[in-house]
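Okay, so here's the structure we're looking at.
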Amino acid sequence: MTIIPSAEVIFGGVSQAGYPGAFPPKVEEIIRSLIGNSHSIIHFFSGSSRIGDVRIDLGHQNATHRGNVFDFLKQKDPILRHQWEWLIADPDYCEEQERRLAREKGFMVGDRFADWRDERLIEDFAKGHVQNIIWLDRRMPHFKGFEFKKIWLVWQGGWRNIRVLTWQSRAGQTRLV
Ligand SMILES: C[S@@+](CC[C@H](N)C(=O)[O-])C[C@H]1O[C@@H](n2cnc3c(N)ncnc32)[C@H](O)[C@@H]1O
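Once you know that position 82 of the sequence shown is 80 in the working numbering, the rest is easy, because the numbers rise by one and skip nothing.
Okay, structure coming up:
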C-alpha cells in the first residue's frame, strides 16, 4: 500500500511575465526550505531556475549543462556518477500536449522535447544515485524504492488543472516537515 503521510493545497499560478512554467513563488519557497543549504542537488528540466549545483536544460542560459536530460542519462555522463542528496525535476507536460494539441512529442519542435518513453531512465538513475526527489508535474510519479514524505497540490484557482509537487525519499529515511 502507498502511504502519503502529509498533503497540502497551495496556490501557484503560472508566471505570465517570466519564463513559461517557472516555479511559482510558493513552490520555490517549499523547495528551498526542503533542500536547506545542501550542495548535493541535481536539477533536471531546470529552465530559468538557479536551484541546484547541476542544472540540466535543453537550452536555458541559467542551466549549468545544456542538453537533453535523456541523452545525459543514456550516455552515462560523468556528472551523473555522484550520489545526490536531492533530485529536482519540473518537466514539460509533453504527453498532455501531445494528446491535446495532437502534436507528436508535445509542443516543442525539432529536438526540443521531453521524450517520456525514456522516463524509466530517470527512475533507474534515482534508484542508484539519489536520496530525495522533488518532482513537479501534472502526473504524480511514484519512484520504485522511494516513499512519499509529502505532496502539495498546486492549484491555480477556478477550473484550471492542478500540478502536484511531491517529495519522496529513499524508503527508510525519517526526516519530516
Ligand atoms: C516547466 S519548464 C521548467 C521551469 C523551471 N522550473 C523554472 O523555474 O524555470 C521545463 C523545462 O524543461 C526543458 N526541457 C524539456 N525537455 C527537455 C529535455 N528532454 N531535456 C532537458 N530539458 C528539457 C525545457 O527547456 C524547459 O525549460
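Glycine included, each C-beta is placed from N, C-alpha and C at the ideal position.
When the beta-carbon positions are compared, Trp165 and Val128 stay at least 9 Å from each other. For Glu145, the pairing in a beta bridge is given by DSSP as Ser167. Pairing Thr0 with Phe146 gives a Cβ-Cβ distance under 9 Å.
Ser47 sits buried, since 16 or more C-beta atoms from the chains shown fall within 10 Å of its C-beta. Counted as a single uninterrupted DSSP element, the beta strand (DSSP E) harbouring His41 occupies residues 39 to 42. Listed in chain order, the non-local C-beta contacts of Asn159 below 8 Å within the same chain comprise Arg136, local neighbours out to five positions each way being set aside.
Taken in chain order, the unbroken stretches of beta strand (DSSP E) that lie wholly in the segment 0 to 60 and span 3 residues or more are 5 to 9, 39 to 42, 52 to 55. Boundaries for Glu121: no beta strand (DSSP E) harbours it, while the alpha helix (DSSP H) harbouring it runs 118 to 127, taken from the DSSP string.
In terms of CA proximity to Leu119, Phe68 leads the group Phe68, Ile54, Val7, Ala20. Between Ile86 and Ile49, the CB-CB gap stays under 9 Å.
Around the beta-carbon of Ser44, 16 or more other beta-carbon atoms lie within 10 Å, marking it buried.
For Leu85, the uninterrupted beta strand (DSSP E) segment begins and ends at 82 to 87.
In this model, Ile149 and Ala5 are separated by some 5 Å (Cα to Cα). In the DSSP assignment, Lys72 falls within the unbroken alpha helix (DSSP H) covering 67 to 72.
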